[in-house]
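Numbering (our numbering), first residue to last: 327 to 1214.
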């Protein structure tokens, strides 16, 4: 396997050369620039001053404000377990946020991709992600992020266009309710990340190293599959082959003044991981590489208050396999780069900010173009002998290239507060214009086979890719001579000899889907404006916000009020909010409208001869239409009480969301050569949550306890388990039990399964964190999290046959199409305890070493990431070690 070559070395060298070549300047008290040489010559005339260090701490992120926000400072982030290093991985224990079911899975323990999160019951892609004031959302089908990497006609996406490493971050603000009007394009919540910006008089350098290895960690094998006629491998033997991964993370953070009017900030982190996955009962090494870099040059001397020029570079590359499928190696490429220019100027009593940005991101796959699920038989026996019809599968789903380009201009004006009567007023206005382009290409035809059929006397007529004629190690005549002249298959000895002599069992595929070449380019223009008026009148606080959004695809003018009322009673604040949030993902819809549907083909067996492929006249070729749609949105009502209690903050928050006009499959219309699937706004859903929280700082110790009760519901006219007018590659089996407790299998669309999954919320969750500053050098944090019992639908790794011949052809028998099986299961409650130890070692007045030791799942508890009836490894106690060098 090709090793991923690190691309960060050149960036580090460029950074070092830049710093080495730049003269070092500091700013004197009178504002003049003085070089290091000049300062040394004047050092004798300077009276030494006593150096006083004031260390302030703000432990918990919740404050008594009208917005439903949690502010995570740099100090707070430093005390958290960092996971794979992405900033969103550190937010999963906040109120109103839930991680994915796979958050504690073995593969994600060493994974580099940012973990998914849901805010206030919404899907992960319905979250608004911002970095340095600019949207970091991917519009390349981010809804596919909830799918596995094994997608047929798409690439596993992600809600974030690029992954932001925590080393680049100064602070994070998370909104789960009562979101300000300046944010749009979401129906869940907002994650607003601000990059580091050093305001120093002299250079500062920080180097970090973090690592984790599987040999430090504990794993347990869970295998509850039912094998047909074989005994599963002993657990002791399998544990010897547990996955092996080595994960390394190197980081650089630099801040320096350049002359009197410039500052330069650089953050760079590279994370690599080699992960061993379990496939076909063998360990297989796969690799990942992620770079996260950001550079900002700030100027204070270009005729305005401040100009910021910044650039980010964050590519991602991963090499994967399809589990239990031979020759399935494929690569995913994501991430990208962005640049922006920001101007900040104060005119009279107005703070003006204007920002022009451009970004480009990828979401592409390179993979084998043939997917062949052979029957498990002599010559094709590598597959596992599980399921009703054991298969030996090989290949992949072909190459797909997708790109996103985004050109954006934002400007805002914030007015100083003014008095009008007994009330204090403040106003903020802003506009946003964006041009987006998404490109999707499939440069090579991909073929997905199905319905293997076995026959001993096949004549493939030269078709060798998808047909195998039966062959023997020795001829049947020679075998007959060895058995006495005649092969008697009723004789058990003869039968066994005949089976042992089979080299290849004759079989061929009767069905296939052909995915043709694609070259799609779509464009979109978006316009937004907002106003936020804040009023303080005695004990009354008012946030009166309004946001307007328009795009040239759906052509809807969306008005979203953001209203909050607060009653301030000194130590307590009552809050009532009424808000509307409009979603955005219309580029995905435009792509789907232009996608070419797959071609369905079948072939028959006449006598013993395999016939040529015939394009089905009955199988429907589908295209999607998104005419006359409304923009999906969410209405929100909140009621909260925040109270300053015993030196801390106690809060009760109730959030009610109504998801409205959600886009779902509607009716179909036959256009002759293809069928159009019209999308409608029949989808809806609700989210209810009650959160109790208390935070308290007591000397050197801080505690934060919160618990949430959550209920999600979704409904749609298409949510009926029907597969009428559903493309074949979007059909799955769903296994559950009927009223009598008997197992039943139902075919349904992936769309319906996804909506069913949205109902599987975690009804009860809680978190308790304790941070302690034991000494000026030593600090610790304990994080206890609890998730109650909930139901879920999980992929079993098994395929089930279904008779779909009538939907494909009228003159053939296709009674063995295989579909993946998902099963309803109950995941037991889990309680996990994480710990973090941080120790500083001063080397001099300007240098310091810091050591960190992170322990996940300290009590070695079951994570229940492996569902009942499936197989896999679960993580137990695991460790991260880190060291950093700081020079300032």
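C-beta: ideal position from N, C-alpha, C; glycine also.
Residue 522 (DSSP reduced to helix, strand or coil) = Sequence index remark: in the chain shown, residue 522 carries index 196 (1-based). Under the three-state reduction of DSSP, residue 522 is assigned to coil, being neither helix nor strand.
request  = Tell me whether the beta-carbon of residue 681 lies closer than 8 Å to the beta-carbon of residue 460.
outcome  = Position 355 of the chain shown, counted from the start, is the residue given in the question as residue 681. Position 134 of the chain shown, counted from the start, is the residue given in the question as residue 460. Yes, Cβ-Cβ distance for residue 681 and residue 460 is below 8 Å.
query = According to DSSP, what are the bridge partners of residue 609?
reply = Position 283 of the chain shown, counted from the start, is the residue given in the question as residue 609. 604, per the DSSP bridge assignment.
ask   = Just reading off the beta strand (DSSP E) that residue 968 is part of, what are its end residues?
value = Along the chain shown, read from residue 1 onward, the residue named residue 968 stands at position 642. Residues 959 to 971.
query = So what's residue 402 in DSSP terms, helix, strand or just coil?
reply = Counting from one through the chain shown, the residue named residue 402 turns up at place 76. Correct three-state label for residue 402: helix.
Span separating the alpha-carbon of residue 1146 from that of residue 1125 = On the chain shown, residue 1146 is found 820 positions in, with the first residue counted as 1. On the chain shown, residue 1125 is found 799 positions in, with the first residue counted as 1. Taking the straight line from one Cα to the other gives about 4 Å.
inquiry  = According to DSSP, is residue 1103 part of a helix, a strand, or is it coil?
reply    = Working through the chain shown from its first residue, we reach residue 1103 at position 777. The DSSP-derived three-state label of residue 1103 is coil.
message = Using CA atoms only, rank isn't needed, just tell me which of 604, 471, 528 is closest to residue 584.
response = The residue given as residue 584 occupies position 258 in the chain shown. Residue nearest to residue 584 within the set 604, 471, 528 is 528 (criterion: CA-CA distance).
query = From which residue to which residue does the alpha helix (DSSP H) around residue 914 run?
reply = Position 588 of the chain shown, counted from the start, is the residue given in the question as residue 914. For residue 914, the enclosing alpha helix (DSSP H) has its first and last residue at 912 to 920.
query = In angstroms, rounded to a whole number, what distance separates the CA positions of residue 729 and residue 482?
reply = Taking the first residue of the chain shown as position 1, residue 729 is located at position 403. Taking the first residue of the chain shown as position 1, residue 482 is located at position 156. Each residue's Cα considered, the two are about 13 Å apart.
inquiry  = If you reduce the DSSP assignment to three classes, tell me which class residue 884 lands in.
reply    = Translated into positions along the chain shown, residue 884 becomes position 558. Three-state DSSP puts residue 884 in a strand.
Bounding residues of the beta strand (DSSP E) (the contiguous stretch that carries residue 1182) = Translated into the one-based positions of the chain shown, residue 1182 becomes position 856. Taken as a continuous stretch (DSSP letters only), the beta strand (DSSP E) holding residue 1182 covers 1173 to 1182.
query = Does the segment 892 to 912 touch the segment 857 to 871, meaning 3 or more C-beta pairs lie closer than 8 Å?
reply = Yes: at least three Cβ pairs fall under 8 Å.
ask   = Ends of the alpha helix (DSSP H) at residue 818?
value = What you label residue 818 is simply residue 492 of the chain shown in a count that begins at 1. Boundaries of the alpha helix (DSSP H) harbouring residue 818: 818 to 826, taken from the DSSP string.
query = Would residue 1201 be called buried (16 or more neighbouring beta carbons within 10 Å of its own) or exposed?
reply = Looking up residue 1201 in the chain shown gives position 875. Around the beta carbon of residue 1201, 16 or more other beta carbons sit within 10 angstroms, so the residue counts as buried.
query = residue 452: which of 1198, 639, 530, 957 sits nearest, CA to CA?
reply = Along the chain shown, read from residue 1 onward, the residue named residue 452 stands at position 126. Among 1198, 639, 530, 957, the Cα nearest to that of residue 452 is on 957.
ask   = Nearest to residue 809 by alpha carbon, out of 821, 653, 798?
value = The residue given as residue 809 occupies position 483 in the chain shown. Ranking the options by Cα distance to residue 809, first place goes to 821.
key: Residues of its chain near residue 1168, where Cβ-Cβ distance is below 7 Å and the 5 sequence neighbours each way are ignored   = Residue mapping note: residue 1168 aligns to position 842 of the chain shown, counting from 1. Contacts found: 1174.
Proximal residues to residue 323 (C-beta, below 6 Å), its chain only, five neighbours per side dropped = The shown model of the chain, from 327 to 1214, leaves out residue 323, and the question about it has no answer.
query = Assuming residue 859 contacts residue 751 under a Cβ cut-off of 8 Å, what Cβ separation, rounded to an integer in Å, is found between them?
reply = Within the chain shown, the letter at position 533 stands for residue 859. Within the chain shown, the letter at position 425 stands for residue 751. Contact holds; Cβ gap of about 7 Å.
query = When the Cα of residue 595 is compared with those of 510, 621, 1065, which residue comes out closest?
reply = For the purposes of this step, residue 595 is identified with residue 269 of the chain shown, where counting begins at 1. Of the listed residues, the one whose Cα sits closest to residue 595 is 621.
request  = Decide if the segment 762 to 779 is in contact with the segment 829 to 847; the criterion is three or more beta carbon pairs, one per stretch, under 8 Å apart.
outcome  = These segments touch.
task = Identify every run of the beta strand (DSSP E) within the segment 705 to 778, keeping only runs that are complete inside it and at least 3 residues long; order them along the chain.
result = Whole beta strand (DSSP E) segments, 3+ residues: 717 to 721, 727 to 741, 744 to 746, 749 to 768.
ask   = Is residue 530 closer than 8 Å to residue 484 when the C-beta atoms are compared?
value = Walking along the chain shown from the start, residue 484 turns up at place 158. Walking along the chain shown from the start, residue 530 turns up at place 204. When the beta-carbon positions are compared, residue 484 and residue 530 stay at least 8 Å from each other.
ask   = What are the residues that DSSP puts in a beta bridge with residue 498?
value = The sequence position of residue 498 within the chain shown is 172, counting from 1. 398, 519.
key: Three CB pairs or more closer than 8 Å across the segment 622 to 634 and the segment 666 to 676   = Here the segment 622 to 634 makes contact with the segment 666 to 676; the two share three or more CB pairs at distances below 8 Å.
query = Does the Cβ of residue 1206 have 16 or more other Cβ atoms within 10 Å, making it buried, or fewer, making it exposed?
reply = What you label residue 1206 is simply residue 880 of the chain shown in a count that begins at 1. Buried: at least 16 other Cβ atoms inside 10 Å.
task = To the nearest angstrom, report how far apart residue 965 and residue 885 are at their CA atoms.
result = As a first step, residue 965 is located in the chain shown; it is residue number 639 there, counting from the start. As a first step, residue 885 is located in the chain shown; it is residue number 559 there, counting from the start. Cα to Cα, the separation comes out at about 23 Å.
request  = Could you tell me if residue 1164 is buried or exposed, where buried requires 16 or more neighbouring beta carbons within 10 angstroms of its beta carbon?
outcome  = Within the chain shown, numbered from 1, the residue matching residue 1164 stands at position 838. The residue is buried, with at least 16 neighbouring Cβ atoms inside 10 Å.
query = Which runs of the beta strand (DSSP E), 3 residues or longer, sit entirely within the segment 842 to 898?
reply = Runs found: 844 to 863, 866 to 877, 883 to 894.
ask   = Just how far apart, CA to CA, sit residue 587 and residue 480?
value = Translated into the one-based positions of the chain shown, residue 587 becomes position 261. Translated into the one-based positions of the chain shown, residue 480 becomes position 154. Roughly 49 Å separates the two Cα atoms.
query = Mind checking residue 1071: buried by the 16 CB within 10 Å criterion, or exposed?
reply = Residue numbering aside, residue 1071 sits at position 745 when the chain shown is read from its first letter. Exposed: under 16 other Cβ atoms inside 10 Å.
message = On the CB-based measure, 16 or more other CB atoms within 10 Å of its CB, does residue 1101 come out buried or exposed?
response = Within the chain shown, residue 1101 is the residue found at index 775, counting from 1. Residue environment analysis places residue 1101 among the exposed positions, since fewer than 16 neighbouring C-beta atoms fall within 10 angstroms of its C-beta.
message = Using only CA atoms, which one of 887, 938, 406 lies nearest to residue 1180?
response = One-based indexing of the chain shown puts residue 1180 at position 854. Measuring from the Cα of residue 1180, the nearest candidate turns out to be 406.
ask   = In terms of residue numbering, what span does the beta strand (DSSP E) encompassing residue 435 cover?
value = For this step, residue 435 is matched to residue 109 along the chain shown. Looking at the DSSP string, residue 435 is not in any beta strand (DSSP E); the run it does join, the alpha helix (DSSP H), is 432 to 435.
request  = Label residue 699 either buried or exposed according to how many other C-beta atoms from any shown protein chain fall within 10 Å of its C-beta, with 16 as the threshold for buried.
outcome  = As a working note, residue 699 is residue 373 in the chain shown. Taking a 10 Å sphere around the C-beta of residue 699, we find 16 or more other C-beta atoms and assign the residue as buried.
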